[in-house]
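Trainee: Residue numbers (our numbering): 316 to 695. Positions of the beta carbon are idealized from the N, C-alpha and C atoms, including for glycine.
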Ligand SMILES: Cc1cc2nc3c(=O)[nH]c(=O)nc-3n(C[C@H](O)[C@H](O)[C@H](O)COP(=O)(O)OP(=O)(O)OC[C@H]3O[C@@H](n4cnc5c(N)ncnc54)[C@H](O)[C@@H]3O)c2cc1C
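1) Can you round the beta-carbon distance between residue 460 and residue 322 to whole angstroms, since I take them to be within the 8 angstroms contact cut?
2) Is residue 491 near ligand 1, in the sense that its beta carbon is under 7 angstroms from a heavy atom of that ligand?
3) Within the same chain, show all residues whose beta-carbon is closer than 8 angstroms to that of residue 386, passing over the 5 residues directly before and after it, in chain order.
4) Below 6 angstroms CB to CB, which residues in the same chain sit around residue 499 once its five sequence neighbours on both sides are set aside?
5) So the candidates are 595, 590, 497, 598; which of them puts its Cα closest to the Cα of residue 552?
6) Compute every distance between the C-beta of residue 347 and the non-hydrogen atoms of ligand 1, then say whether any falls below 7 angstroms.
7) What is the DSSP secondary structure of residue 359, reduced to helix, strand or coil?
8) Which runs of the alpha helix (DSSP H) fall wholly inside the segment 553–621 and span at least 4 residues, in chain order?
9) DSSP state of residue 635, grouped into three classes?
10) For residue 633, which option in 433, 533, 615, 520 has the closest C-alpha, if you only look at C-alpha atoms?
11) Would you mind reading off the limits of the alpha helix (DSSP H) that contains residue 328?
12) Skipping 5 residues on each side, what residues in its chain have a beta carbon closer than 7 angstroms to that of residue 355?
13) Looking only at C-alpha atoms, which of 611, 537, 558, 318 sits nearest to residue 490?
14) Which runs of the beta strand (DSSP E) at least 3 residues long sit entirely within the segment 379–426? Give them in chain order.
15) Return the residue from the list 565, 528, 367, 530 that minimises the CA-CA distance to residue 545.
16) Roughly how far, in whole angstroms, is the beta-carbon of residue 465 from the beta-carbon of residue 443, given that I think they are within contact range, below 8 angstroms?
17) Would you mind stating whether residue 513 and residue 531 have Cβ atoms separated by less than 8 angstroms?
18) With a cut-off of 8 angstroms, do at least 3 Cβ pairs link the segment 364–374 to the segment 450–459?
19) Roughly how many angstroms separate the alpha carbons of residue 629 and residue 468, rounded to a whole number?
20) Kindly confirm or deny that the segment 328–348 and the segment 570–586 touch, where touching means at least three C-beta pairs closer than 8 angstroms.
21) To which residues of the same chain is residue 454 closer than 8 angstroms at the C-beta, ignoring the five residues directly before and after it?
22) Are the beta-carbon atoms belonging to residue 494 and residue 543 less than 8 angstroms from one another?
23) Which partner residues of residue 440 appear in the DSSP bridge assignment?
24) Output yes or no for whether 8 angstroms exceeds the beta carbon distance between residue 389 and residue 550.
25) Would you tell me roughly how many angstroms separate the C-alpha atoms of residue 548 and residue 527, rounded to the nearest one?
26) Does the Cβ of residue 486 have 16 or more other Cβ atoms within 10 Å, making it buried, or fewer, making it exposed?
27) Under DSSP, the beta strand (DSSP E) around residue 539 begins and ends at which residues?
28) With DSSP run on the structure shown, which of helix, strand or coil describes residue 448?
29) Report buried or exposed for residue 353, applying the criterion of at least 16 other Cβ atoms within 10 angstroms of its Cβ.
30) Sort out for me which residues DSSP pairs residue 496 with in a bridge.
31) Nearest to residue 426 by CA position, among 349, 328, 525, is which residue?
32) Please find out if some non-hydrogen atom of ligand 1 comes closer than 7 angstroms to the beta-carbon of residue 604.
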């Protein structure tokens with residue numbers, strides 16, 4: 316029966332980045348992936364400078380496909396106030412970068428191949444047995460692997476199999492309709508976040524166009540996806556206004572369900588749970604993968620240097636403690652934004668306007684917000 320030091324379930328961006336970070340320390344690492352090949356997922360991700368630094372450390376930053384975000388324009392439909400967050404607020408050349416999920420997946424896969432890290436594609440993990448000496452995984456096809464440390468980076472597919480581990484879920488009753496759109500004006504590196512009573516709408520600069528993320532009810536999402544291009548552009552213009560120019564074309568649209576999911580513990584016997592498997596959040600503030608990559612970095616730091624038992628309780632407990640505050644704040648921040656801008660009873664329209672204007676006028680607050688969005692909350 317194969318025995319490894321670290322078995323990572325899930326070769327999504329968090330699992331693959333973790334494998335690239337820990338393999339140089341000399342551990343025997345194996346990555347188990349349900350997909351038979353690349354997902355080619357079309358979603359656009361806004362990644363912070365600190366996520367870029369981490370992927371560069373892995374040797375897997377998709378530089379050719381990355382677009383810098385130099386400003387973020389935040390406004391609300393039907394209310395006053397707006398804020399412009401600038402890269403200079405954080406003293407950086409860019410607040411973040413847009414990249415495609417597919418590009419991140421590809422460069423990480425290539426990097427793992429070059430490092431000689433085995434990725435077992437098309438082998439979903441089917442059962443998990445945890446014991447003092449090892450975590451035992453059974454894979455589709457019958458293979459069994461014993462690991463000193465099991466890392467679940469599978470987006471939430473397997474943690475429920477572990478006794479005592481449970482998720483809390485909140486369905487936002489929304490989907491994100493995504494797709495490329497063009498305007499008649501250059502974006503100049505500016506991203507837009509526009510809050511409406513029906514849900515937030517974001518435009519992210521990508522190359523010479525934008526990536527649209529439009530939150531809507533599932534029925535509305537289906538309708539928006541099916542609209543002819545001209546009608547879709549007209550509805551988008553009406554919802555978004557003309558601050559980015561006139562919308563002139565839209566590419567293929569996809570939709571993703573939006574829900575918040577948190578876990579009661581990010582560790583179990585010989586197990587650490589990272590990325591979306593630990594916390595899945597609304598994409599409103601572009602935090603999900605950024606938080607997940609910080610999970611990977613924290614765990615990799617604790618595992619630096621071979622010779623130690625990677626699944627030792629002390630290591631796992633240190634990981635839990637290191638990540639609790641930052642991950643909790645990422646979840647709370649995005650959940651607050653969704654509620655605050657959707658529900659006038661929580662924060663009235665004028666109150667949001669005052670907050671946006673105050674933020675715009677008060678540089679230290681903008682700096683703090685930009686720094687938190689880039690680096691997360693510091694560990695206690
Ligand atoms: C529309 C949208 C926009 C977003 N925008 C942003 C953004 O701008 N910025 C940001 O930071 N985040 C964003 N996110 C969130 C981001 O996509 C996720 O946080 C990120 O993909 C999580 O990565 P992960 O590796 O943890 O999980 P995933 O990407 O879900 O990968 C999990 C992997 O595990 C594999 N797997 C599943 N089950 C099994 C099994 N049984 N055995 C083996 N393998 C298995 C899957 O095939 C997959 O490859 C967005 C999300 C959406 C939906």
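Mentor: With the given structure in hand:
1) As a first step, residue 460 is located in the chain shown; it is residue number 145 there, counting from the start. As a first step, residue 322 is located in the chain shown; it is residue number 7 there, counting from the start. At roughly 5 angstroms, the Cβ-Cβ gap stays under 8 angstroms, so residue 460 and residue 322 are in contact.
2) By one-based count along the chain shown, residue 491 stands at place 176. At least one heavy atom of ligand 1 is nearer than 7 angstroms to the Cβ of residue 491, so yes.
3) Along the chain shown, read from residue 1 onward, the residue named residue 386 stands at position 71. Excluding residues within five positions, the ones whose Cβ falls inside 8 angstroms are 399, 400, 401, 402, 410, 503, 504, 505, 506.
4) For the purposes of this step, residue 499 is taken as residue 184 along the chain shown, with counting starting at 1. If we look at residue 499 and ignore the five residues flanking it on each side, its Cβ neighbours are 560, 561, 563.
5) As a first step, residue 552 is located in the chain shown; it is residue number 237 there, counting from the start. Residue 552 has its Cα closest to that of 497, out of 595, 590, 497, 598.
6) By one-based count along the chain shown, residue 347 stands at place 32. Under cutoff, so the answer is yes.
7) Along the chain shown, read from residue 1 onward, the residue named residue 359 stands at position 44. Reduced to three states, the DSSP call for residue 359 is strand.
8) Unbroken alpha helix (DSSP H) stretches of 4 residues or longer found wholly inside the segment 553–621: 603–618, given in chain order.
9) Numbered from 1 along the chain shown, position 320 holds the residue referred to as residue 635. Correct three-state label for residue 635: helix.
10) The residue labelled residue 633 in the question sits at position 318 within the chain shown. Residue 633 has its Cα closest to that of 615, out of 433, 533, 615, 520.
11) In the chain shown, counting from the first residue as 1, residue 328 sits at position 13. Unbroken alpha helix (DSSP H) run through residue 328: 328–337.
12) Counted from its first residue, the chain shown places residue 355 at position 40. The answer, listed in chain order, is 417.
13) In the chain shown, residue 490 corresponds to position 175, counting from 1. Nearest of 611, 537, 558, 318 to residue 490, Cα basis: 537.
14) 382–384, 386–391, 397–401, 411–415
15) For the purposes of this step, residue 545 is identified with residue 230 of the chain shown, where counting begins at 1. Measuring from the Cα of residue 545, the nearest candidate turns out to be 565.
16) As a working mapping, residue 465 is identified with position 150 in the chain shown. As a working mapping, residue 443 is identified with position 128 in the chain shown. Their Cβ separation, rounded to whole angstroms, is 7 angstroms, which keeps residue 465 and residue 443 in contact under 8 angstroms.
17) Here residue 513 refers to the residue found at position 198 of the chain shown. Here residue 531 refers to the residue found at position 216 of the chain shown. A contact, by the Cβ cut-off of 8 angstroms.
18) Under the Cβ criterion (8 angstroms, minimum of three pairs), the segment 364–374 does not count as touching the segment 450–459.
19) The sequence position of residue 629 within the chain shown is 314, counting from 1. The sequence position of residue 468 within the chain shown is 153, counting from 1. The alpha-carbon separation between residue 629 and residue 468 amounts to approximately 20 angstroms.
20) No: the two stretches stay apart, fewer than three of their Cβ pairs being nearer than 8 angstroms.
21) Here the question's residue 454 lines up with position 139 in the chain shown. Here the set comprises 347, 435, 438, 439, 440, 441, 460.
22) The residue labelled residue 494 in the question sits at position 179 within the chain shown. The residue labelled residue 543 in the question sits at position 228 within the chain shown. The answer is no: Cβ separation not under 8 angstroms.
23) If you number the chain shown from 1, residue 440 lands on position 125. 454.
24) In the chain shown, residue 389 corresponds to position 74, counting from 1. In the chain shown, residue 550 corresponds to position 235, counting from 1. The answer is no: Cβ separation not under 8 angstroms.
25) For the purposes of this step, residue 548 is taken as the residue at position 233 of the chain shown. For the purposes of this step, residue 527 is taken as the residue at position 212 of the chain shown. The alpha-carbon atoms of residue 548 and residue 527 are separated by roughly 11 angstroms.
26) Residue mapping note: residue 486 aligns to position 171 of the chain shown, counting from 1. With fewer than 16 Cβ atoms within 10 Å of its Cβ, residue 486 is classed as exposed.
27) Stepping through the chain shown from its first residue, residue 539 is reached at position 224. Not the beta strand (DSSP E): residue 539 falls in the alpha helix (DSSP H), residues 533–541.
28) In the chain shown, the residue the question calls residue 448 occupies position 133. In this structure, residue 448 counts as coil in the three-state DSSP scheme.
29) By one-based count along the chain shown, residue 353 stands at place 38. Exposed, by the Cβ-count rule.
30) Position 181 of the chain shown holds residue 496. Secondary-structure assignment with DSSP links residue 496 through a beta bridge to 525, 565.
31) Translated into the one-based positions of the chain shown, residue 426 becomes position 111. Of 349, 328, 525, the smallest CA-CA separation from residue 426 is found for 328.
32) Residue numbering aside, residue 604 sits at position 289 when the chain shown is read from its first letter. The answer is yes for residue 604.
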